[in-house]
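**Student:**
2 protein chains.
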Amino acid sequence: MAAREAVVDAGKLSVRERILEVAERLFAEHGRSGVGLRAISSEAKVNLASIAYHFGSKEGLLEELFSLRAAPIADARIRLLDDAEATYGGAAPLEVIIEAFIRPALIIGPQSPAGGEAFGRLRARLATEPEKFSRRILSKAFDKSSRRFIEALVKALPGLPRVQVEWRFHFMLGTMYYTMANSGRIQVLSDQRCDPGNVEFALKHMVPFLAAGFRSTPL
Amino acid sequence: MAAREAVVDAGKLSVRERILEVAERLFAEHGRSGVGLRAISSEAKVNLASIAYHFGSKEGLLEELFSLRAAPIADARIRLLDDAEATYGGAAPLEVIIEAFIRPALIIGPQSPAGGEAFGRLRARLATEPEKFSRRILSKAFDKSSRRFIEALVKALPGLPRVQVEWRFHFMLGTMYYTMANSGRIQVLSDQRCDPGNVEFALKHMVPFLAAGFRSTPL
DNA sequence: GTCTATAGCTGGATAGAC
DNA sequence: GTCTATCCAGCTATAGAC
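As given, the protein sequences belong to chains A and B, one line each in that order. Using the working numbering, the letters of the first sequence correspond one by one to residues 186 to 404. Using the working numbering, the letters of the second sequence correspond one by one to residues 186 to 404.
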């Protein structure tokens with residue numbers, strides 16, 4: 186399968202698509218500044234100059250790559266939350282809200298083979314950076330949907346002050362990002378019993394854990 | 186105070202110490218590959234060649250820097266856990282275990298002015314990287330203490346299968362790292378009501394949240 | 001649109017004087 | 001131990017032929 190190809194199949198994808206796919210993987214593995222345009226162009230089997238032609242600059246490439254992936258995630262979140270609120274009459278249960286938030290981030294678009302895990306890693310890296318560039322593209326992609334989810338959580342947890350919902354939302358972000366990063370740490374510590382790369386297992390454990398955290402007694 | 190100095194006071198610290206202090210901050214801000222030896226040497230007001238002389242290479246510098254900071258954290262964790270087990274007769278309460286694990290990571294050595302937050306950020310960045318170098322230095326610094334804490338958690342949660350303790354430990358790591366990273370995201374989403382940089386506030390909210398997650402019904 | 005070629009820097013590392 | 005000077009591989013970006 187394409188997911189196992191180290192080098193992109195040059196026959197089926199456009200130059201643009203090949204650049205995006207390789208860049209996503211290399212940025213995820215080595216970080217924004219750990220990979221050069223030469224590595225991207227050679228692995229994608231495109232000319233070095235074509236990256237500048239299609240994306241303007243390295244930052245332009247990363248920014249476009251990020252928003253192409255992030256938009257469907259934010260959309261899926263909102264859609265799942267809308268569906269849940271329609272089903273439950275405006276007050277969705279906590280577990281359903283949490284899963285609506287996390288599931289789209291972990292699965293990503295199935296139309297893009299092999300892109301999923303790489304994008305999760307990339308996103309997790311950017312989310313732990315303090316730099317303006319990362320903060321800006323994350324804000325642009327996710328502010329709207331995240332605020333919407335905070336509202337839903339406030340409604341689902343009537344006894345909990347808003348600021349505590351916000352703290353707990355922050356803890357949820359950390360849990361989600363570290364799972365997406367899949368750094369291999371817990372595999373070592375658990376002697377391979379845990380695999381954060383397995384989306385369904387991860388969700389099965391994460392959602393009840395987070396729900397209990399959100400429901401814990403207000404301070 | 187030294188914490189507010191952008192440039193290290195060249196009079197009081199040795200060349201080695203100045204390099205370490207500046208490197209810690211720059212690596213934390215811009216990542217391992219986002220900062221060059223030239224930036225470090227000029228900001229630390231040392232000669233470029235002195236970095237190679239004292240640390241061998243850029244990787245050597247980062248590795249030494251990391252283990253110098255990490256060792257006291259791992260030691261403090263073990264000491265706090267030992268104390269708790271002595272106090273409670275071998276079975277420390279869950280909240281005490283969690284705080285013993287997280288507090289040393291968030292406060293770091295007070296002997297190093299300004300280093301604390303920078304090291305937390307650096308550590309969070311390395312922890313979300315899949316690269317071998319990061320995994321190796323994290324393993325070296327924290328495997329022993331982390332395994333010890335997993336044992337303590339298994340003992341504190343008799344009804345919970347070990348693999349679930351491990352999953353929840355992974356979620357705890359994510360929560361802790363994202364708080365240490367202090368990316369500014371929750372400040373935006375909460376209109377500045379939350380500040381993960383405030384250690385006591387962060388702990389006050391985090392410990393009960395995590396404890397509830399650990400105590401949630403086994404699957 | 002696609003390519004070659006290259007400008008103009010900056011990267012890490014090191015040789016060798018003192 | 002500390003410095004200057006330098007190597008050369010890599011970087012992003014672009015000019016200009018086709």
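All C-beta atoms in this analysis are idealised placements derived from N, C-alpha and C, irrespective of residue type, glycine included.
Report the start-end ranges of each alpha helix (DSSP H) in the stretch 305 to 392 of chain A that is 4 residues or longer and not cut off at the edges.
**Tutor:** Taking 4 residues as the minimum length, the alpha helix (DSSP H) runs contained wholly in the stretch 305 to 392 of chain A are 317 to 341, 347 to 366, 370 to 374, in order along the chain.
**Student:** Within 8 Å (strictly less), CB to CB, does residue 384/A reach chain B?
**Tutor:** Numbered from its first residue, the first sequence carries residue 384/A at position 199. Any Cβ of chain B closer than 8 Å to the Cβ of residue 384/A would place that residue at the interface, and such an atom is absent.
**Student:** What do you reckon, are the CB atoms on residue 203/B and residue 394/A nearer than 8 Å?
**Tutor:** As a first step, residue 203/B must be located in the second sequence, where it is residue number 18. As a first step, residue 394/A must be located in the first sequence, where it is residue number 209. No. Outside cutoff.
**Student:** What does residue 320/B reach in chain A if we use C-beta pairs closer than 9 Å?
**Tutor:** What you label residue 320/B is simply residue 135 of the second sequence in a count that begins at 1. Close to residue 320/B, with beta-carbon spacing below 9 Å, are these residues of chain A in chain order: 368, 369, 370, 373.
**Student:** Taking residue 341/A as the reference, give the member of 266/A, 225/A, 329/A, 366/A with the closest Cα.
**Tutor:** The residue labelled residue 341/A in the question sits at position 156 within the first sequence. Of the candidates 266/A, 225/A, 329/A, 366/A, the one whose C-alpha sits nearest the C-alpha of residue 341/A is 266/A.
**Student:** If distances are taken between C-alpha atoms only, which option among 240/B, 324/B, 363/B comes closest to residue 388/B?
**Tutor:** Mapped onto the second sequence, residue 388/B falls at position 203. The shortest C-alpha separation from residue 388/B is found at 363/B.
**Student:** How big is the Cα-Cα spacing for residue 274/A and residue 293/A?
**Tutor:** As a working note, residue 274/A is residue 89 in the first sequence. As a working note, residue 293/A is residue 108 in the first sequence. Their Cα atoms are separated by approximately 28 Å.
**Student:** Could you check whether the Cβ of residue 381/A sits closer than 8 Å to any Cβ belonging to chain B?
**Tutor:** On the first sequence, residue 381/A is found 196 positions in, with the first residue counted as 1. Interface residue, yes.
**Student:** Please confirm if the stretch 331 to 341 of chain B is in contact with the stretch 362 to 381 of chain B, defined as three or more CB-CB distances below 8 Å between the two stretches.
**Tutor:** no
**Student:** Could you run through the stretch 258 to 270 of chain A and flag, in chain order, every residue whose CB is less than 9 Å away from some CB of chain B?
**Tutor:** Cβ contacts with chain B: none found.
**Student:** When burial is assigned at 16 or more other CB atoms within 10 Å of the CB, is residue 367/B buried or exposed?
**Tutor:** Your numbering for residue 367/B matches position 182 in the second sequence. That one is buried.
**Student:** Which of the three DSSP states, helix, strand or coil, is assigned to residue 197/A?
**Tutor:** Taking the first sequence and counting its residues from 1, one reaches residue 197/A at position 12. Three-state result, residue 197/A: coil.
**Student:** Using a Cβ cut-off of 9 Å, which residues of the stretch 210 to 222 of chain A contact any Cβ in chain B, in chain order?
**Tutor:** 213, 214, 215, 216, 217, 218, 219, 220
**Student:** How about residue 325/B: is its C-beta nearer than 8 Å to some C-beta of chain A?
**Tutor:** The sequence position of residue 325/B within the second sequence is 140, counting from 1. It does not; no Cβ of chain A falls within 8 Å.
**Student:** Does the stretch 207 to 219 of chain A come close enough to the stretch 308 to 316 of chain B to have 3 or more Cβ pairs within less than 8 Å?
**Tutor:** yes
**Student:** Assuming residue 312/A contacts residue 209/A (C-beta within less than 8 Å), just tell me the rounded distance between them.
**Tutor:** As a working mapping, residue 312/A is identified with position 127 in the first sequence. As a working mapping, residue 209/A is identified with position 24 in the first sequence. Rounded, the Cβ-Cβ distance is 16 Å, inconsistent with contact.
**Student:** May I have the straight-line CA-CA distance separating residue 346/A from residue 376/B, to the nearest angstrom?
**Tutor:** Within the first sequence, residue 346/A is the residue found at index 161, counting from 1. Within the second sequence, residue 376/B is the residue found at index 191, counting from 1. Residue 346/A and residue 376/B have their C-alpha atoms some 15 Å from each other.
**Student:** Would you verify that the beta carbon of residue 288/B is, or is not, closer than 8 Å to some beta carbon of chain A?
**Tutor:** Locating residue 288/B in the second sequence gives position 103, where the first residue counts as 1. No, residue 288/B does not count as interfacial toward chain A.
**Student:** Around the Cβ of residue 233/A, are there at least 16 other Cβ atoms within 10 angstroms (buried) or fewer (exposed)?
**Tutor:** Taking the first sequence and counting its residues from 1, the one referred to as residue 233/A is at position 48. Per the 10 Å Cβ criterion, exposed.
**Student:** Pick out the complete alpha helix (DSSP H) segments inside the stretch 251 to 292 of chain B, 4 residues or longer, and give them in chain order.
**Tutor:** 279 to 292
**Student:** Assign residue 357/B to one of two classes, buried (16 or more other C-beta atoms within 10 Å of its C-beta) or exposed (fewer than that).
**Tutor:** Locating residue 357/B in the second sequence gives position 172, where the first residue counts as 1. Buried.
**Student:** Return the CA-CA distance between residue 255/A and residue 206/A, expressed in angstroms with no decimal places.
**Tutor:** Here residue 255/A refers to the residue found at position 70 of the first sequence. Here residue 206/A refers to the residue found at position 21 of the first sequence. Whole-angstrom Cα-Cα distance: 14 Å.
**Student:** On a CA-only basis, which of 245/A, 404/A, 390/A, 264/A is nearest residue 280/A? Give me that one, please.
**Tutor:** Translated into positions along the first sequence, residue 280/A becomes position 95. Taking only the C-alpha atoms, the option nearest residue 280/A is 390/A.
**Student:** Using the beta-carbon of each residue, which ones in chain B are nearer than 7 Å to residue 356/A?
**Tutor:** As a working mapping, residue 356/A is identified with position 171 in the first sequence. By Cβ distance, chain B contributes 360, 391, 394.
**Student:** What does the alpha-carbon distance come out to for the pair residue 261/A and residue 369/B?
**Tutor:** Stepping through the first sequence from its first residue, residue 261/A is reached at position 76. Stepping through the second sequence from its first residue, residue 369/B is reached at position 184. Computed Cα separation, rounded: 25 Å.
**Student:** Could you please give the first and the last residue of the uninterrupted alpha helix (DSSP H) stretch that includes residue 223/B?
**Tutor:** As a first step, residue 223/B is located in the second sequence; it is residue number 38 there, counting from the start. Run containing residue 223/B: 222 to 228, per the alpha helix (DSSP H) assignment.
**Student:** I'd like to know whether the C-beta of residue 188/B is nearer than 8 Å to at least one C-beta of chain A.
**Tutor:** Numbered from 1 along the second sequence, position 3 holds the residue referred to as residue 188/B. In this predicted model, residue 188/B has a pLDDT of only 37, less than 50, meaning its place in the structure is not dependable; the value taken from the coordinates is given anyway. Judged by the 8 Å Cβ criterion, residue 188/B is not in contact with chain A.
**Student:** Which residues in chain A have a C-beta closer than 9 Å to the C-beta of residue 291/B? List them in chain order.
**Tutor:** Along the second sequence, one-based indexing puts residue 291/B at 106. Here the premise fails: no neighbours, minimum Cβ distance about 13 Å.
**Student:** For residue 286/B and residue 247/B, which I take to be in contact (beta-carbon distance under 8 Å), what is that distance rounded to the nearest angstrom?
**Tutor:** Reading the second sequence from its first residue, position 101 is the one you call residue 286/B. Reading the second sequence from its first residue, position 62 is the one you call residue 247/B. At roughly 24 Å, the Cβ-Cβ gap does not stay under 8 Å, so residue 286/B and residue 247/B are not in contact.
**Student:** Let's test the definition: count the other Cβ atoms within 10 Å of the Cβ of residue 157/A and tell me whether it reaches 16, buried, or not, exposed.
**Tutor:** For chain A, the structure presents residues 186 to 404; residue 157/A sits outside this window and is missing.
**Student:** Would residue 420/B count as contacting chain A if we go by Cβ distances under 8 Å?
**Tutor:** Outside the shown range of chain B, which is 186 to 404, sits residue 420/B, and nothing can be said about it.
**Student:** Considering only residues of the same chain and omitting the five flanking positions on each side of residue 404/B, which have a CB-CB separation below 6 Å?
**Tutor:** Counting from 1 along the second sequence, the entry for residue 404/B is found at position 219. Within the same chain, residue 404/B has no close Cβ partners at all.
**Student:** Can you tell me whether residue 275/B sits near the ligand ATP, meaning its C-beta is under 7 Å from at least one heavy atom of the ligand?
**Tutor:** The ligand ATP is not part of this structure, which contains no ligands at all.
**Student:** Looking at chain B, is there any beta carbon in it that lies within less than 8 Å of the beta carbon of residue 272/A?
**Tutor:** As a working mapping, residue 272/A is identified with position 87 in the first sequence. No, its Cβ sits nowhere closer than 8 Å to a Cβ of chain B.
**Student:** Could you check what DSSP says for residue 235/B in three-state terms: helix, strand or coil?
**Tutor:** As a first step, residue 235/B is located in the second sequence; it is residue number 50 there, counting from the start. Residue 235/B falls in the helix class under three-state DSSP.
**Student:** Within 8 Å of any Cβ in chain A, is that where the Cβ of residue 398/B sits?
**Tutor:** In the second sequence, counting from the first residue as 1, residue 398/B sits at position 213. Yes, residue 398/B counts as interfacial toward chain A.
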